[in-house]
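Enquirer: Chains as they are written, first to last, in our numbering: chain D, 1 to 536; chain Z, 1 to 536.
Ideal Cβ positions, reconstructed from N, Cα and C, are used throughout, including at glycine.
A quick note: this is a predicted structure, and the numbers were derived from the prediction, not measured.
1) Label residue 292(D) either buried or exposed according to how many other C-beta atoms from any shown protein chain fall within 10 Å of its C-beta, with 16 as the threshold for buried.
2) Evaluate contact between the region 32 to 44 of chain Z and the region 58 to 72 of chain Z, counting only Cβ atoms and requiring at least three cross-stretch pairs below 8 Å.
3) With a threshold of 8 Å between beta carbons, is residue 149(D) in contact with chain Z?
4) Look at the alpha carbon of residue 434(Z) and the alpha carbon of residue 444(Z), and state the distance between them as a whole number of angstroms.
5) Apart from the five residues just before and just after residue 232(Z), which ones in its own chain have a Cβ nearer than 8 Å to its Cβ?
6) Tell me the start and end of each unbroken beta strand (DSSP E) in the region 144 to 203 of chain Z that is at least 3 residues and wholly inside, in chain order.
7) Given a cut-off of 8 Å, decide if residue 503(Z) and residue 511(Z) are closer than it, judged by their beta-carbon atoms.
8) What ranges does the alpha helix (DSSP H) occupy inside the region 39 to 109 of chain Z, keeping only unbroken runs of at least 4 residues that lie completely in it?
9) Which residues bound the alpha helix (DSSP H) around residue 387(D)?
10) Residues of chain Z with a CB under 8 Å from the CB of residue 506(D): which are they?
11) Going residue by residue through the region 391 to 474 of chain Z, where are the continuous alpha helix (DSSP H) segments of at least 4 residues, counting only ones entirely within it?
12) Do residue 223(Z) and residue 270(Z) have their C-beta atoms closer together than 8 Å?
13) Is the beta carbon of residue 41(D) closer than 8 Å to that of residue 276(D)?
14) At 7 Å on the CB atoms, spell out the chain D contacts of residue 217(Z), in chain order.
15) My guess is that residue 424(D) and residue 407(D) are in contact by the Cβ rule of under 8 Å, so how many angstroms apart are they, rounded?
16) Does any residue of chain D bring its CB to less than 8 Å from the CB of residue 50(Z)?
17) Should residue 195(Z) be flagged as near chain D, meaning a C-beta pair shorter than 8 Å?
18) Going along chain Z, which residues have a C-beta under 8 Å from residue 300(D)?
19) By how many angstroms is the C-alpha of residue 365(D) removed from the C-alpha of residue 266(D)?
20) Identify each residue in the region 246 to 265 of chain Z for which the Cβ-Cβ distance to at least one residue of chain D is less than 7 Å, and report them in chain order.
21) Show which residues of chain D have a CB atom less than 9 Å away from the CB atom of residue 407(Z).
22) First and last residue of the beta strand (DSSP E) that includes residue 502(D)?
23) Let me know if residue 305(Z) comes out buried or exposed under the rule of 16 or more other beta-carbons within 10 Å of its beta-carbon.
24) Quick check on residue 115(Z) - is its C-beta less than 8 Å from some C-beta in chain D?
25) What three-state label does DSSP hand residue 493(D) in the structure shown?
26) Assuming residue 311(Z) and residue 186(D) form a contact by the criterion Cβ under 8 Å, report the distance between their Cβ atoms to the nearest whole angstrom.
27) What separation, rounded to the nearest whole angstrom, lies between the Cα atoms of residue 429(D) and residue 499(D)?
28) Beta-carbon separation of residue 301(D) and residue 243(Z) under 8 Å?
29) Taking a Cβ distance cut-off of 9 Å, strictly less, list which residues of the region 278 to 300 of chain D are near chain B, in chain order.
30) Take residue 163(Z) as the anchor and find which of 143(Z), 195(Z), 392(Z) and 188(Z) has the nearest alpha-carbon.
31) So with CB distances below 8 Å, who are the chain D contacts of residue 509(Z)?
32) Under three-state DSSP, which class holds residue 239(D)?
33) Kindly indicate which three-state DSSP category residue 302(Z) falls into: helix, strand or coil?
34) For the putative contact between residue 168(D) and residue 215(D), defined by C-beta atoms under 8 Å, what is the C-beta separation to the nearest angstrom?
35) Check for me: the alpha helix (DSSP H) holding residue 125(Z) runs from which residue to which?
36) Helix, strand or coil for residue 297(Z) per DSSP?
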């Protein structure tokens with residue numbers, strides 16, 4: 001790490017401010033999963049939530065203590081300065097911060113005079129006392145304290161002297177960093193740069209930056225703040241956040257690191273950025289933008305056309321960075337993301353050694369590329385990828401049953417305003433028996449799932465433990481006409497572990513059926529059930 | 001318009017550079033529709049395409065001459081400087097630019113020395129001659145010429161003197177504006193500002209800016225260029241474009257106009273921005289980002305919570321601009337976009353006077369809000385909205401037939417690798433007859449469409465002319481579980497006009513059925529077919 005960047009804070013707030021995004025709902029398990037991804041990316045701080053404000057965030061910190069072992073990151077608990085008129089020690093929300101046992105506490109404080117009066121309904125002096133008392137109390141309890149100045153930039157315009165006083169008060173009370181927040185997101189880069197430089201000059205405090213994207217400038221504003229002296233940068237994965245979102249953490253870090261020479265993430269972990277950004281999107285189930293800077297699947301895609309040969313001779317003439325530096329790939333025409341190296345790595349993860357047979361690896365890579373072009377994804381669907389590797393390496397696909405046919409009927413209900421009901425019939429052979437089962441559901445896929453599991457259960461009672469725990473549908477090709485390509489991801493659990501499978505097709509029912517078959521097959525293989533086909 | 005902004009060019013390249021986006025395909029009719037929207041927004045220039053490079057763009061200019069009457073915008077034809085070693089007059093691609101009859105021609109030229117050598121395979125001097133000759137030729141033919149310097153910013157770093165020479169050559173030959181393009185999108189705002197100021201200083205040419213979003217800074221870079229003296233700004237609706245996209249035109253204009261005091265769009269047309277951005281997204285069928293700066297549906301949405309009363313007292317403390325200035329709305333909690341004013345306006349468009357009865361308008365607004373909360377959209381689905389208004393204003397919904405029941409079967413095919421086939425049966429009463437029809441299709445919706453139209457046709461032969469011309473599916477609630485909400489938009493045509501209807505539900509089949517029913521009902525009403533129910 002270069003001397004200037006020693007101790008720079010890359011501070012992620014996906015789990016707290018990012019989760020404010022409309023339509024984004026994270027379970028405690030989701031938050032733990034995302035925290036592991038963030039740690040892999042190498043961020044320095046992960047803001048886990050606001051313990052005490054809701055039971056989920058309190059539970060997150062409790063489980064994080066037991067279940068998370070972070071290599072790079074420190075967990076931070078978010079909270080507010082004490083309420084007006086009570087001592088910090090007596091404020092139950094401050095107590096919840098202590099009880100979270102997080103070594104870092106990030107406090108939000110008002111720094112805009114009118115917000116103090118209108119939203120807090122207290123005096124400007126009492127607000128300063130709230131800042132000072134709460135910081136001192138938590139410092140005395142042995143915590144490191146960062147302080148977020150809410151609405152800071154608008155506050156400077158309304159009452160610069162008061163906004164500066166909040167910064168000074170926090171720093172004097174022992175806040176390690178004072179974070180200037182563009183809470184309404186209305187700033188432009190020149191303004192941010194000027195104000196950060198002014199505050200640094202006037203207060204001498206260590207400053208951080210927290211931007212929202214309401215002007216489309218959150219990334220540029222964050223960079224401008226760092227250029228002006230901020231040494232702590234808050235952002236969210238994939239730019240999640242309320243309204244237009246927070247600054248996209250990966251884009252800001254990549255700009256600072258690859259364009260401006262800062263060294264912020266440890267080692268080469270920025271090379272994990274594309275994979276991790278997509279993995280987080282799989283958890284939130286918000287389709288990632290193909291155009292997302294640095295990590296989008298289209299972000300280094302070229303319609304080669306006339307320039308194909310020039311691109312081959314000197315690709316750097318046509319790309320602003322080498323995409324490998326963020327774990328992305330240049331794509332010409334329709335070639336998809338899978339490279340041999342990533343497949344080899346993924347195989348290793350799943351217990352397959354693909355290094356010894358170069359031809360085999362090439363064949364698998366080609367097959368994956370072909371499948372990805374038609375809409376498959378294996379980043380999340382490990383179980384389907386495992387079955388594909390098993391087929392290639394072992395010579396045939398694990399098989400426990402042979403489907404003869406299936407059928408699903410959806411029909412109008414009586415009365416007409418009730419929801420339509422679906423009924424599925426599955427015919428298959430398993431363990432020497434021919435089985436015909438009918439299942440019902442509130443939709444065609446539910447019905448098929450019920451029928452399939454009932455049918456298999458007779459031959460393989462292990463299936464009884466399997467539950468469809470998540471079902472995600474994505475329309476991939478939103479082009480005109482009825483031929484849209486639909487991708488279905490299904491998560492199945494046996495109560496202990498869970499696995500994800502994928503299906504693709506023009507027909508949502510057929511795509512779902514494909515994913516259901518993989519789910520059951522992988523589950524039986526995982527349970528070491530004897531596969532008749534494998535020994536046939 | 002203020003003195004400084006007199007003659008500023010707001011230049012849209014959605015139809016040319018925006019259409020380079022992976023997965024974005026525009027028909028000639030789509031391009032004409034988008035051009036009308038852009039004209040409504042008040043942009044000064046619409047780059048329509050590259051005539052001569054493909055038949056579609058040539059046709060676009062031919063049809064635009066006959067069919068487009070633009071109030072604000074001037075059409076520009078895009079093309080390249082002449083090829084090496086031929087005269088501009090003899091180059092067939094230059095001829096195609098003349099034949100487009102566009103009064104403005106925007107030429108792309110190389111300005112990076114290595115691109116001249118590697119991609120054009122010619123000398124630096126010949127490239128200058130290509131610029132000079134082509135500009136002079138088109139000027140002599142009476143055209144205004146803008147010149148895009150491709151890879152300009154990287155070119156300055158590689159060979160500043162040569163890049164400046166290209167700008168000078170173009171300006172001296174008569175190019176009205178020389179546009180500096182960050183073709184690879186790797187710039188940051190400070191760099192753009194410095195280079196634009198330097199080029200202005202060194203050449204005295206009128207400068208434009210064209211940015212891509214590879215660093216997440218396209219908007220900020222465009223603003224920085226204007227701050228440094230550029231008076232021509234190129235962007236795309238919704239930030240469409242190759243890789244990470246082009247600068248989002250609306251965000252740049254809104255920043256310049258609402259934050260920096262420029263006056264760029266005529267009158268109050270920026271207030272149309274949200275509506276037009278969404279209308280363009282309906283044409284491209286790329287789901288708009290709810291987080292898009294200024295125009296996103298979440299961009300002024302607040303989880304009011306603790307601050308609800310403060311927001312009510314002084315909303316400007318919680319928003320960076322008044323959302324009405326870009327035609328957006330502040331939303332608290334789940335309240336959706338529909339306001340009385342917009343419903344009144346939309347009603348007027350469709351021929352309903354909703355001004356006289358305030359209670360009726362309030363009732364309709366409430367109903368639309370409720371429907372929008374459950375996933376309906378009426379921005380594009382005019383025909384479904386018309387039926388809703390007819391029901392409210394006339395006291396009952398137009399009705400031509402009574403559905404008794406429907407059923408659709410999807411089943412596995414033989415052989416197993418063929419696509420699954422669907423078969424639908426519809427039972428209904430129309431014109432006193434009970435009709436039962438079965439139809440087939442390559443998916444459940446196709447099958448239902450075939451069956452429904454065959455059934456209705458017996459009573460209403462007009463239906464024979466109706467064709468399902470477009471079918472779009474969007475998963476709205478990508479939350480966990482099988483309960484995702486699905487929205488279907490169906491476009492139907494009678495060969496002369498087309499109309500769009502909407503259906504929403506957990507079951508794609510049921511949502512599609514709803515949209516199909518609206519489509520047929522609206523078509524019959526449009527054809528002035530006697531509605532038995534309306535006179536019952």
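Expert: Looking at the atomic coordinates:
1) buried
2) yes
3) no
4) 23 Å
5) 8, 9, 11, 146, 177, 179, 206, 207, 208 and 209
6) 144 to 150 and 177 to 182
7) yes
8) 55 to 67 and 92 to 99
9) 382 to 394
10) 419, 442 and 443
11) 444 to 457
12) no
13) yes
14) 219 and 220
15) 7 Å
16) no
17) no
18) 243
19) 30 Å
20) 248, 251, 255 and 259
21) 409, 410, 411 and 412
22) 498 to 505
23) Low confidence applies here, because residue 305(Z) scores a pLDDT of 47, under 50, leaving its location unreliable; read the following figure in that light. So residue 305(Z) counts as exposed.
24) yes
25) strand
26) Actually they are not in contact, since the Cβ atoms of residue 311(Z) and residue 186(D) sit about 16 Å apart, beyond 8 Å.
27) 24 Å
28) yes
29) Absent from the structure is chain B; the protein chains it does hold are D and Z.
30) 195(Z)
31) 410, 420 and 444
32) helix
33) strand
34) Actually they do not touch by this definition, with Cβ atoms about 28 Å apart.
35) 124 to 140
36) coil
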